[in-house]
């Protein structure tokens, strides 16, 4: 479990630095036709809020069906290219703090609580906590790639 907390803190710190990138860097893409760094940052925050919601639902009432979200629709309909990064930076900081708190309280105690994900099937609370860290690291790798091109 200590590794999870270290990953959550490490990815948080790296992600927060990315919110301070220049406009030029925010427009970079890790591959043609893929999301820009700005879009990736907004996606990281939205996904974090979705995962946080799943975590809370699984703690409060295990066994329920939780619907997937369409990340591309969120990007388009919420206009990630113009959505204010300063708003999402604040959201990210607050939600990550809450995720870390809940992981400390419930990762071991209720980690086997399950839910049904509408697209991927049965998942556990531990799966969702682990996904927060993995998902953030995955997109940080894409941001680092975009910045190195």
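Numbering (my numbering), first residue to last: 1 to 149. Note that beta-carbon positions come from the ideal geometry of N, C-alpha and C, so glycine has one too.
Within a 10 Å sphere around the beta-carbon of residue 128 sit 16 or more other beta-carbons, which makes this residue buried.
By the Cβ test, the stretch 52-61 is in contact with the stretch 100-110, since at least three Cβ pairs between them sit closer than 8 Å. By a beta-carbon distance limit of 8 Å, residue 132 contacts residue 48. Their separation comes to about 7 Å. Closest option to residue 63, judged by alpha-carbon separation, among 117, 77 and 83: 117.
Annotation for residue 91: the continuous alpha helix (DSSP H) segment containing it runs 85-106.
Under a 10 Å Cβ-count criterion, residue 143 is classified as buried, with 16 or more other Cβ atoms of the shown protein chains found around its own Cβ.
Inter-segment contact for the stretch 38-54 and the stretch 87-102 is present: three or more beta-carbon pairs are separated by less than 8 Å. Judged by DSSP secondary structure, residue 19 falls outside any beta strand (DSSP E); it is assigned neither H nor E. With contacts defined by Cβ atoms closer than 7 Å, residue 137 and residue 28 do not form a contacting pair. In chain order, 36, 37, 38, 41 and 85 place their CB closer than 8 Å to the CB of residue 26, counting only its own chain and leaving out the 5 sequence neighbours on each side.
For the 7 Å CB-CB criterion, residue 16 and residue 140 do not form a contact. In the DSSP annotation of this structure, residue 29 is not part of any beta strand (DSSP E), being labelled neither H nor E. Taking 7 Å as the cut-off, the Cβ atoms of residue 66 and residue 115 count as close. Residue state for residue 49 is assigned as helix, using DSSP reduced to three classes.
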